[in-house]
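Engineer: Here it is, the structure, as structure tokens.
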Ligand code: UGA
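Now the structure itself:
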């Protein structure tokens, strides 16, 4: 099919590249000239495993990037809206979605006789029906359902493995309210035989995305609430509690040969310093705000956020058992990104931890294998000194706090053992063996 993708950001670029790899003829549209030039020269504007190779294989044959909106829509049978929906802390902003819908609509007048517009951006349930569709109708002068189609197709890409997720999806959700739209969607995903597909209406498709992320966030806060209780009651280690829970056949079913298969969802049931990133906090906040504004409170999800917001304080409380006040105490943070294998610091728990430590007068340094440059954008040298190596981060500080589960931090026990006096080690993720340290504190202990 001929596909245009509006927005060549994280979701748009991965989708465009992978759709081209699947044999579609794709044009990515973006307003950012620099991004367009990069993509056209085979350089992805984001770092994702395997993406560069796929981009280089398809660019200038089945894939192009352009700023020319009109040409892209004219070329296509299907347009995907994959622009950003930034959060104001609670609600998401639909400015970019509205603008994309308006531009598509304007250009629909010259487009193929039947054109399908697909909302891929994450939008709260009802957005496509109540906002996108009317804008499209008004700016095109055409009637949705008859003269063009409107559909919803949420993405389920995990940062760091987005290209692989797209090429081998666990599910595909197709939301349409009429047959021609659904048939177009089916053709778009014809290359994904064997993948379970949920065919439903647009509003339900939007909801599936939110319910999926809300479940993950809930599991994380569930584990963290138990971490608090274990610490509060004393004499209980949340790591053993979680291990016991993980062995349930619900989470670790028995395979035919008697071996056990770990359900990946159990990796969202670990006590720690909280969830971050560009999706979970934003999506849960947006859903609650949307629900409350329409008269349905979501007390469970409210609690999920409250528990998460309190995680940095829990980490600081562990430090304060040994250093109170924290003024002039040398503290080193290990890990700054919101999760390992990315330099993304959006909503990372490291940020509130750093702010609070600074407010209390600690002397801070930090080390992250890749996120140091991101951290520099957020904190000046005078507030946070960034270390070039893990070794450097450990020498001469009073306490070391692990914030992100980077694999390389497996070396910390060995490195700390060589130092005299050894710093207090605070495990904010319960990643390392508590017996491997001379002085240790951990979440949920
Ligand atoms: C998340 C979901 O995992 C994807 O399924 C979803 O498609 C995506 O959002 C999206 O909406 O686009 P992502 O934001 O890339 O993906 O990050 P995750 O790997 O899910 O990590 C989320 C956060 O939870 C990280 O900060 C991680 O450190 C934290 N986490 C995870 C915990 O605090 N505890 C856990 O037990 C597990």
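Residue numbers (my numbering): 1472 to 1916.
Where a beta carbon is used, it is the ideal one built from N, C-alpha and C, also for glycine.
#1: Within the continuous alpha helix (DSSP H) that includes residue 1652, where are the two ends?
#2: Run through DSSP, which three-state label would residue 1912 get?
#3: Put residue 1488 into one of helix, strand or coil per three-state DSSP.
#4: Run the CB neighbour count on residue 1902, radius 10 Å, all protein chains shown included, and call it buried at 16 or more, exposed below.
#5: Would you decide whether residue 1512 is buried or exposed? Buried here means 16 or more other CB atoms lie within 10 Å of its CB.
#6: Looking at the secondary structure, which residues open and close the alpha helix (DSSP H) in which residue 1633 lies?
#7: Considering only residues of the same chain and omitting the five flanking positions on each side of residue 1525, which have a CB-CB separation below 7 Å?
#8: Please report the residue range of the beta strand (DSSP E) in which residue 1620 lies.
#9: Mapping DSSP to helix, strand and coil, what is residue 1898?
#10: Tell me whether the region 1492–1509 and the region 1560–1568 touch, counting them as touching only if at least three CB pairs, one residue from each stretch, are closer than 8 Å.
#11: For a test of the three-state rule: what should DSSP assign to residue 1812, helix, strand or coil?
#12: How should residue 1727 be labelled, buried or exposed, when 16 other C-beta atoms within 10 angstroms of its C-beta is the threshold for buried?
#13: Count the C-beta pairs between the region 1809–1820 and the region 1740–1755 that are closer than 8 Å, then say yes if the count reaches three, no if not.
#14: Is it the case that the Cβ atoms of residue 1804 and residue 1713 are separated by a distance below 8 Å?
#15: For residue 1496, report the span of its alpha helix (DSSP H) as first-last.
#16: Can we count residue 1810 as close to the ligand UGA, meaning its CB is less than 7 Å from some heavy atom?
#17: Please classify residue 1648: is it buried, with 16 or more other beta-carbons within 10 angstroms of its beta-carbon, or exposed?
#18: Rounded to the nearest angstrom, what separates residue 1510 and residue 1516 at their Cα positions?
#19: With a floor of 3 residues, list each beta strand (DSSP E) that falls wholly inside the region 1841–1908, ordered by position along the chain.
#20: Hey, how far is the Cα of residue 1860 from the Cα of residue 1789?
#21: Expressed to the nearest angstrom, what Euclidean distance is found between the alpha-carbon atoms of residue 1696 and residue 1660?
#22: Taking buried to mean at least 16 other C-beta atoms within 10 Å of its own C-beta, is residue 1725 buried or exposed?
#23: How is the alpha helix (DSSP H) around residue 1683 delimited, first residue to last?
#24: So what does DSSP say about residue 1493, is it helix, strand or coil?
#25: For residue 1530, count neighbouring Cβ atoms within 10 angstroms of its own Cβ and tell me buried if that reaches 16, exposed if not.
#26: Might you give, ordered along the chain, the residues of its own chain that have their beta carbon closer than 8 Å to the beta carbon of residue 1555, omitting 5 neighbours on each side?
#27: Given a threshold of 16 other Cβ atoms within 10 Å of its Cβ, counted over all protein chains shown, does residue 1888 qualify as buried or as exposed?
#28: So within the region 1741–1809, which uninterrupted alpha helix (DSSP H) runs reach at least 4 residues, ignoring any that extend past its ends?
#29: For residue 1671, which residues in the same chain have their Cβ closer than 8 Å to its Cβ, ignoring the five residues on either side in sequence?
Structural biologist: Let me spell this out:
#1: 1650–1659
#2: strand
#3: helix
#4: buried
#5: exposed
#6: 1633–1638
#7: 1488, 1489, 1492, 1634
#8: 1620–1623
#9: strand
#10: no
#11: coil
#12: exposed
#13: yes
#14: no
#15: Here residue 1496 belongs to no alpha helix (DSSP H); instead the beta strand (DSSP E) covers 1496–1500.
#16: yes
#17: buried
#18: 7 Å
#19: 1855–1857, 1870–1873, 1895–1898
#20: 25 Å
#21: 41 Å
#22: exposed
#23: 1673–1704
#24: coil
#25: buried
#26: 1478, 1480, 1567, 1592
#27: exposed
#28: 1751–1764, 1770–1780, 1782–1791
#29: 1644, 1645, 1646, 1679
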